[in-house]
Amino acid sequence: MSLRAKCAIAGLGATRMGRNFDHSSAIGFAVEAVELALADAGLERTELDGLLVNPGVTWMTNPMASFDLQQAMGLVDLSLTATMNLGGATAGAMVMHAAQAIDAGMANVVACVFADAPLKPPRPESARKGGGSAAAYGFARGLEGAYGLFGVSAQYAFVARRYMHKFGATNDHLGAVAVAERQWANLNPAAQFHDQPLTLADYHNSRWIAEPFHLLDCCLVSNGGLCVIVTSAERARSLRKPPVYILGMGQGHPGGDPIETLVSGAPIAGRMAFKMAGIELSDIDLAEIYDCYTFTVMVTLEDYGFCGKGEGGPFVADGRIAPGGALPVNTGGGQLSSFYMWGMTPVCEAIIQVRGEGRERQVKKHDIALVSGNGGILSTHSTLVLGARA
Amino acid sequence: MPEIAKPVPAVTPQMVPFFEAARQGELKVQRCAECGALRFPAREICARCLSRKHDWVRVSGRGEVLSFNIMHQVYHPAFAAEVPYAVVMIKLEEGPAIVSNLLGVKPDQIRCGMPVEVVFEQVDDQVSLPKFRPRAAG
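Those protein sequence lines, which keep their order, are chains D and Z. Counting in my numbering, the first sequence tops out at residue 390, every number present. Counting in my numbering, the second sequence tops out at residue 138, every number present.
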């Protein structure tokens with residue numbers, strides 16, 4: 001039996017993102033995000049019976065972060081919890097786990113939560129680009145430190161360089177992603193780079209991190225928390241906001257060495273999610289694509305089939321992904337220019353767009369949104385297809 | 001002022017044969033004793049057939065640059081003076097990939113596909129590190 005449109009996202013809660021020191025740790029941001037999501041949905045805390053948590057890098061010392069959050073919020077008699085980690089693919093995976101559980105009758109109202117607090121006052125660390133999701137999972141290539149290989153950006157750079165060698169993509173192509181996303185961020189008051197424009201020249205002039213990545217190829221760092229609440233479609237229709245129906249779901253984890261395969265999990269996950277949703281690529285109105293790096297957007301879009309393998313460079317550079325273009329991508333500014341809540345960044349923006357709450361950046365036709373999540377270095381992948389109608 | 005040492009890889013029990021060979025100027029990788037798959041770095045279990053039996057075999061030391069990056073940020077003080085420097089992934093002729101540095105080539109001259117061969121740099125009396133240098137193709 002298809003899960004298409006059986007469940008919906010009924011609540012969204014996002015704290016202020018970035019240099020936010022309202023809470024001293026991730027769990028504080030998580031609690032706030034859940035409260036905001038409950039209020040958004042018009043639900044009481046006591047109505048939650050499911051709690052799924054994807055802890056950020058500063059929350060990983062708690063092996064059962066979901067239990068800690070349950071206790072912090074005084075939640076009792078839950079019938080579903082899990083602490084989940086597929087890196088950036090977790091947000092999508094939490095939503096699909098919630099939907100499956102609800103459809104199976106094992107829970108009714110499930111909160112899916114991400115939070116992190118990597119920035120510390122009073123001297124916020126200068127952003128160590130590349131984010132935490134891959135850095136924490138140790139890509140054991142043996143002897144890294146002896147050769148000066150440190151950090152996830154350096155490892156991701158190997159994949160990007162091999163891709164550029166094989167397919168002829170350039171930093172102009174990567175820079176086009178950064179520029180387009182900044183244009184969207186300039187329309188989003190909640191974006192960390194809302195007030196700062198970006199040209200391709202600015203991109204090229206930004207300092208190198210690990211070639212071929214400039215600073216502006218890498219996602220930013222944020223404190224904050226984000227919660228989405230999943231319920232049955234019927235329940236969602238009775239609540240405050242227009243339901244965001246979960247039409248399609250899929251995951252893809254290709255294995256092998258990404259430096260050689262140069263492929264994400266999008267082909268596997270996309271096929272599954274589009275089939276469940278009953279859609280084709282041409283039905284997609286907007287795409288929220290996990291963008292730990294500009295490069296990830298390029299590869300993910302081509303892996304979904306928007307263009308042929310290796311054609312992602314020119315595809316993202318012709319203006320179609322920017323405001324006014326034919327395929328709006330990362331319409332809030334993405335992880336490059338709005339905020340970095342791992343996979344919850346694209347999920348959040350998709351919900352806003354599908355509900356029609358995008359204001360100045362609202363995409364005119366917003367019936368069907370594609371949402372991707374990527375973990376590690378093209379290691380894990382989740383796809384959601386969200387829709388305004390069942 | 002004393003120089004800060006680069007990180008020296010720990011000689012874990014699994015990797016003892018690798019470092020013993022490296023001290024002799026030989027590059028060795030694990031070979032699955034059941035299916036023959038070569039792998040690096042050391043693992044307990046063959047990812048192809050799940051066998052727990054392996055031996056170590058010498059490889060030619062020849063390969064090509066699979067990929068590379070150029071590190072511009074200082075993550076470790078021992079590398080501060082070298083920034084920007086390149087780190088390479090070498091695809092050995094026999095199949096496995098190994099992280100390393102490429103000697104005698106400026107970072108901006110490195111290209112994917114460059115043919116290379118191994119050399120060894122002694123770090124201390126326990127550890128010699130394989131590094132690579134360009135070789136004539138063929």
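Glycine included, every Cβ here is placed at the ideal spot set by N, Cα and C. Everything numeric in this text was worked out from a predicted model, so none of it was measured.
To the nearest angstrom, how far is it from the Cα of residue i to the Cα of residue j?
| i | j | result |
| --- | --- | --- |
| residue 375 of chain D | residue 86 of chain D | 6 Å |
| residue 179 of chain D | residue 18 of chain D | 20 Å |
| residue 129 of chain Z | residue 77 of chain Z | 20 Å |
| residue 124 of chain Z | residue 90 of chain Z | 24 Å |
| residue 37 of chain Z | residue 257 of chain D | 15 Å |
| residue 60 of chain Z | residue 13 of chain Z | 24 Å |
| residue 18 of chain Z | residue 100 of chain Z | 15 Å |
| residue 286 of chain D | residue 353 of chain D | 8 Å |
| residue 317 of chain D | residue 177 of chain D | 7 Å |
| residue 58 of chain Z | residue 92 of chain Z | 12 Å |
| residue 164 of chain D | residue 88 of chain Z | 15 Å |
| residue 157 of chain D | residue 144 of chain D | 14 Å |
| residue 380 of chain D | residue 196 of chain D | 32 Å |
| residue 2 of chain D | residue 80 of chain D | 22 Å |
| residue 83 of chain D | residue 242 of chain D | 28 Å |
Buried or exposed: where does residue i fall if 16 or more other Cβ atoms within 10 Å of its Cβ makes it buried?
| i | result |
| --- | --- |
| residue 205 of chain D | exposed |
| residue 35 of chain Z | exposed |
| residue 50 of chain Z | exposed |
| residue 383 of chain D | buried |
| residue 103 of chain Z | exposed |
| residue 328 of chain D | buried |
| residue 201 of chain D | exposed |
| residue 131 of chain Z | buried |
| residue 9 of chain Z | buried |
So residue i contacts chain A; which residues on that side make the cut at Cβ distance below 8 Å?
| i | result |
| --- | --- |
| residue 114 of chain Z | Note that chain A does not occur in the displayed structure, where the protein chains are D and Z. |
I'd like to know if residue i contacts chain Z, where contact means its C-beta is closer than 8 Å to some C-beta of that chain.
| i | result |
| --- | --- |
| residue 295 of chain D | no |
| residue 352 of chain D | no |
| residue 78 of chain D | no |
| residue 257 of chain D | yes |
| residue 97 of chain D | no |
| residue 342 of chain D | no |
| residue 173 of chain D | no |
| residue 203 of chain D | no |
| residue 154 of chain D | yes |
| residue 158 of chain D | yes |
| residue 169 of chain D | no |
| residue 184 of chain D | no |
With DSSP as the reference, label residue i as helix, strand or coil.
| i | result |
| --- | --- |
| residue 360 of chain D | helix |
| residue 301 of chain D | helix |
| residue 13 of chain Z | helix |
| residue 67 of chain Z | strand |
| residue 383 of chain D | strand |
| residue 275 of chain D | helix |
Can you find a C-beta in chain D that's less than 8 Å from the C-beta of residue i?
| i | result |
| --- | --- |
| residue 129 of chain Z | yes |
| residue 19 of chain Z | no |
| residue 79 of chain Z | yes |
| residue 73 of chain Z | yes |
| residue 8 of chain Z | yes |
| residue 68 of chain Z | yes |
| residue 87 of chain Z | yes |
Worksheet item: Three or more beta-carbon pairs under 8 Å between the stretch 290 to 298 of chain D and the stretch 335 to 353 of chain D, yes or no?
Response: yes
Discussion item. I want to know whether the stretch 113 to 121 of chain Z touches the stretch 62 to 78 of chain Z - three or more CB-CB distances under 8 Å.
Written reply: yes
Discussion item. Three or more C-beta pairs under 8 Å: does that hold for the stretch 6 to 14 of chain D against the stretch 101 to 121 of chain D?
Written reply: yes
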